[in-house]
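Enquirer:
Numbering (my numbering), first residue to last: 696 to 788.
So, in structure tokens, the structure goes:
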């Protein structure tokens, strides 16, 4: 079980381009076409499985929205920030 982060901790640790939406951190990634977004979503799913931390993934025509929260804790924890950082590192690779 992870501890909830304070508002200040969330603000300080949130990766660039991620925002807070209540008890979730969110980022929308844009792609040139639908299949690139689907492939990205699959990669996020593989990271999620390896970390055993599963985001909500919303696939749209040229964008993929990722939403992270720690349901068991009722909010945002280090685990969410770490998952966002992993997604960022793979997206930028």
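C-beta atoms are modelled at their ideal positions from N, C-alpha and C, and glycine is treated no differently.
In three-state terms, what does DSSP make of residue 720?
Expert: The residue you call residue 720 lines up with position 25 of the chain shown. Reduced to three states, the DSSP call for residue 720 is strand.
Enquirer: Spatial neighbours of residue 771 within its chain, please: C-beta separation below 8 angstroms, excluding the five flanking residues on both sides.
Expert: Here residue 771 corresponds to residue number 76 of the chain shown, with the count starting at 1. Result list for residue 771: 699, 700, 705, 715, 718, 719, 720, 763, 764 and 765, in chain order.
Enquirer: Could you pull out every residue in the same chain whose Cβ sits closer than 8 angstroms to the Cβ of residue 743, ignoring the five residues on either side in sequence?
Expert: The residue you call residue 743 lines up with position 48 of the chain shown. Taken in chain order, the residues that qualify are 749, 750 and 778.
Enquirer: Taking only three categories from DSSP, how would you classify residue 752?
Expert: Counting from 1 along the chain shown, the entry for residue 752 is found at position 57. Residue state, collapsed to three classes: strand.
Enquirer: Can you tell me whether residue 769 is buried or exposed? The criterion is at least 16 other CB atoms within 10 Å of its CB, across all chains shown.
Expert: As a working mapping, residue 769 is identified with position 74 in the chain shown. Classification for residue 769: exposed.
Enquirer: Compare the C-alpha of residue 776 against each of 752, 709 and 786 and name the closest.
Expert: Position 81 of the chain shown, counted from the first residue, corresponds to residue 776. For residue 776, the nearest C-alpha among the options comes from 709.
Enquirer: Mark residue 735 as exposed unless 16 or more other C-beta atoms lie within 10 angstroms of its C-beta, in which case mark it buried.
Expert: Locating residue 735 in the chain shown gives position 40, counting from the first residue. By the 10 Å Cβ count, residue 735 comes out buried.
Enquirer: Considering only residues of the same chain and omitting the five flanking positions on each side of residue 727, which have a CB-CB separation below 8 angstroms?
Expert: Translated into the one-based positions of the chain shown, residue 727 becomes position 32. Same-chain partners within the cutoff: 757.
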